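The structure appears right after this line, and notes come after that.
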Amino acid sequence: MGFSVWIEIDAGMKSKFTDDAYIKAGAEIVKTTQELYNKAEIILKVRPTQVHITHNAALLKEYEKVGVTAFGMDLISRKSRAQKCDLLSSMARISGYSAIIEAVNYFPRY
Numbered sequence: 099m100g101f102s103v104w105i106e107i108d109a110g111m112k113s114k115f116t117d118d119a120y121i122k123a124g125a126e127i128v129k130t131t132q133e134l135y136n137k138a139e140i141i142l143k144v145r146p147t148q149v150h151i152t153h154n155a156a157l158l159k160e161y162e163k164v165g166v167t168a169f170g171m172d173l174i175s176r177k178s179r180a181q182k183c184d185l186l187s188s189m190a191r192i193s194g195y196s197a198i199i200e201a202v203n204y205f206p207r208y
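Residue numbers (the numbering used here): 99 to 208.
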């Protein structure tokens, strides 16, 4: 059982991931979002981070038409038991790590 990975052209440019890097890792680059949607059974996005199902009825109707299952990660409780799944905590942690890494890149001694 295998799978294929398709990446939308220039999807990683703001994160400094080139299309060539994705190709070397085994992904195929597609030119349009529509081409990606036509090929994929599962779509994973980095952003937008939240669907906001309570405020986005039109998007949910479009998802329903094509059989998309979406998870409203913004609705997961922020209690300590569920904190590993909490979107805000996870994104804040990633932002903190990224800020440190970016700062070190500009620090001349290292």
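Note that beta-carbon positions come from the ideal geometry of N, C-alpha and C, so glycine has one too. Predicted model, so just to flag it, every value in this text is computed and none were measured.
Residue burial classification, Y195 (beta-carbon count within 10 angstroms, cutoff 16): exposed
I141 in three-state terms, based on DSSP: coil
May I ask you to report which of helix, strand or coil DSSP gives V128? strand
Supposed contact pair G165 and I151 - C-beta distance, whole angstroms, cut 8 Å: Actually they are not in contact, since the Cβ atoms of I151 and G165 sit about 16 Å apart, beyond 8 Å.
Range covered by the alpha helix (DSSP H) that runs through I121: 117 to 122
Opposite E160 in the DSSP bridges: which residues? Paired residue(s): none; E160 is not in a bridge.
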